[in-house]
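Trainee:
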Amino acid sequence: MGQAFKSDVQIVEVRTDDYVRGIAQREYWAVAAAPEQAVMLVLVAVPEGWACSLSELPVEKIAGNLVLQPGEARLIRRGYFHPT
144 MGQAFKSDVQ IVEVRTDDYV RGIAQREYWA VAAAPEQAVM LVLVAVPEGW
194 ACSLSELPVE KIAGNLVLQP GEARLIRRGY FHPT
């Protein structure tokens, strides 16, 4: 039986192996899971060698009113992005 997912939404930052002017491109994913599960859900969705970590960005700033099902991970932004 699989693990149950909490309905919390986390933002996961992914650093790709693509570089623009020497800076790794980033993706931001919204994940409806507990923090300890969110990174793993994204790691299985992205190419091997990419790095994932929880973002400290507020969910509202990145995901807005996005509705996700428990356990769902969705790419929301990619590219050279500095959310400030």
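Following our numbering, the numbering of the sequence shown begins with 144 at its first residue and continues without gaps. All residues carry an ideal CB built from backbone N, CA and C; glycine is no exception. These numbers come from a predicted model, not from an experiment.
#1: Could you check the C-alpha separation between I154 and E199 for me, to the nearest Å?
#2: Rounded to whole angstroms, what's the CA-CA distance from A206 to I219? Just pull it up for me.
#3: Within 10 angstroms of the Cβ of Q180, are there 16 or more other Cβ atoms? Answer buried if so, exposed if not.
#4: First and last residue of the beta strand (DSSP E) that includes E156?
#5: Locate the beta strand (DSSP E) running through E170, then write down its first and last residues.
Mentor: Put simply:
#1: 8 angstroms
#2: 7 angstroms
#3: By the neighbour-count criterion, in which a residue is buried when 16 or more other Cβ atoms sit within 10 angstroms of its Cβ, Q180 is buried.
#4: 152-163
#5: From DSSP, the beta strand (DSSP E) with E170 extends over 166-175.
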